[in-house]
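Structure record follows, encoded as structure tokens.
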Amino acid sequence: MAKFINPFTDVGFKRIFGQEINKDLIIDFLNSLLVGEKHIKDIRFLDKELLPEFDGDRGVIYDIHCINEDGEQFIVEMQNKKQNNFCDRALYYLCQAISRQGEKGLGWMFDLKAVYGVFFMNFYLNPKQHRFRTDAEVAIRDTHEPLTDKLRFIFLELPSFSKEEDECTTDFERWIYVLKNMETLNRLPFKARKAVFEKLEQIVDISP
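Residue numbering for the sequence shown is 8 to 215, as defined by our numbering.
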């Protein structure tokens, strides 16, 4: 019997990243993911379900939906089985969060806050080209310069992460190693290095 919960089930994923009482875990993960780019001090969980705006429209149910102190939104999703048009789904999810920022009236001047999508995938995004992390944004085609910083995609292809414990050199790699191998571990590594892994072990321990 596994000592730790499977983090890639709906229950396990939300137990780690979706609880208000343990929001320091998702803050630490996002900061390790975006190190050198952004530092989040606090987050607030938002309703995971966006209801249709009109009859016949389609709603969205996110795994994790939160907002930081600057009003930027983070959508964190786990997808175990390969899904056709997954990139289109990711685009739809983020665009829904963008479009819901619109304000009624003539005074609103399209002051959008950035929306980040973080997508854990237990499959290969591109069967012909395996890449663990794919960062995508809206860019100018000729120069590859960002056109806007309001839409950001980060795809994490778990089967392509092959580092062993002693090969992990960043907090981000340590997070991925722990999540990917959690079900087979008898102890969580890296606790002496960072207290968040000590707390994570307490949360995910399901041993009798």
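For each residue, glycine too, the CB sits at the ideal point set by N, CA and C.
Note that the structure is predicted; figures quoted are calculated from it, not measured.
Q) In angstroms, rounded to a whole number, what distance separates the CA positions of S167 and M128? A) 10 angstroms
Q: Say whether the region 44 to 57 touches the region 68 to 83, bearing in mind that this needs 3 or more beta-carbon pairs closer than 8 angstroms, one atom from each stretch.
A: yes
Q: Classify A199 as helix, strand or coil using the three-state DSSP reduction.
A: coil
Q | Length of the line joining the Cα atoms of N75 and K45 | A | 11 angstroms
Q: Can you grab the Cα-Cα spacing for the pair K120 / Q80, in whole Å?
A: 7 angstroms
Q. How would you label A199, buried or exposed, when you count the other beta carbons within 10 angstroms and need 16 or more for buried?
A. exposed
**Q.** Contacting residues, own chain, Cβ-Cβ under 6 angstroms from F130 (five flanking each side not counted)
**A.** K89
Q | Straight-line Cα distance separating L154 from I147 | A | 6 angstroms
**Q.** Separation of E164 from F204, as counted between CA atoms
**A.** 22 angstroms
Q. Mind checking F117: buried by the 16 CB within 10 Å criterion, or exposed?
A. exposed
Q. Below 9 angstroms between beta carbons: does that hold for I183 and F126?
A. no
Q: Determine the direct distance from the alpha carbon of Y99 to that of F11, and round the result to whole angstroms.
A: 33 angstroms
**Q.** Proximity to R107 [Cα-Cα], best of L113, A97, G66, K135
**A.** G66
Q: List the whole-angstrom C-beta distance separating L40 from K206, where the pair is believed to meet the contact cut-off of C-beta under 8 angstroms.
A: The pair is not a contact, with the Cβ atoms about 18 angstroms apart (cut-off 8 angstroms).
Q: For my contact list, E105 and K157 are in at a C-beta cut-off of 8 angstroms; report their separation, rounded to the angstrom.
A: Note on identity: in this sequence residue 105 is Ile, with Glu being the wrong assignment. With a Cβ gap of about 7 angstroms, I105 and K157 count as contacting.
Q.
Which residues does DSSP list as the beta-bridge partners of I74?
A. R51, Q80
Q | Run of the alpha helix (DSSP H) containing D142, from where it starts to where it stops | A | Here D142 belongs to no alpha helix (DSSP H); instead the beta strand (DSSP E) covers 140 to 144.
Q. Taking the C-alpha atoms as reference points, what is the distance between T150 and T191?
A. 45 angstroms
**Q.** Own chain residues within Cβ distance below 8 angstroms of H137, not counting five before or after
**A.** Y131, E164, P166, S167
Q | Helix, strand or coil at V122 according to DSSP, with G and I counted as helix | A | strand
Q. Does the distance from the CB of S214 to the CB of M85 come in under 9 angstroms?
A. no
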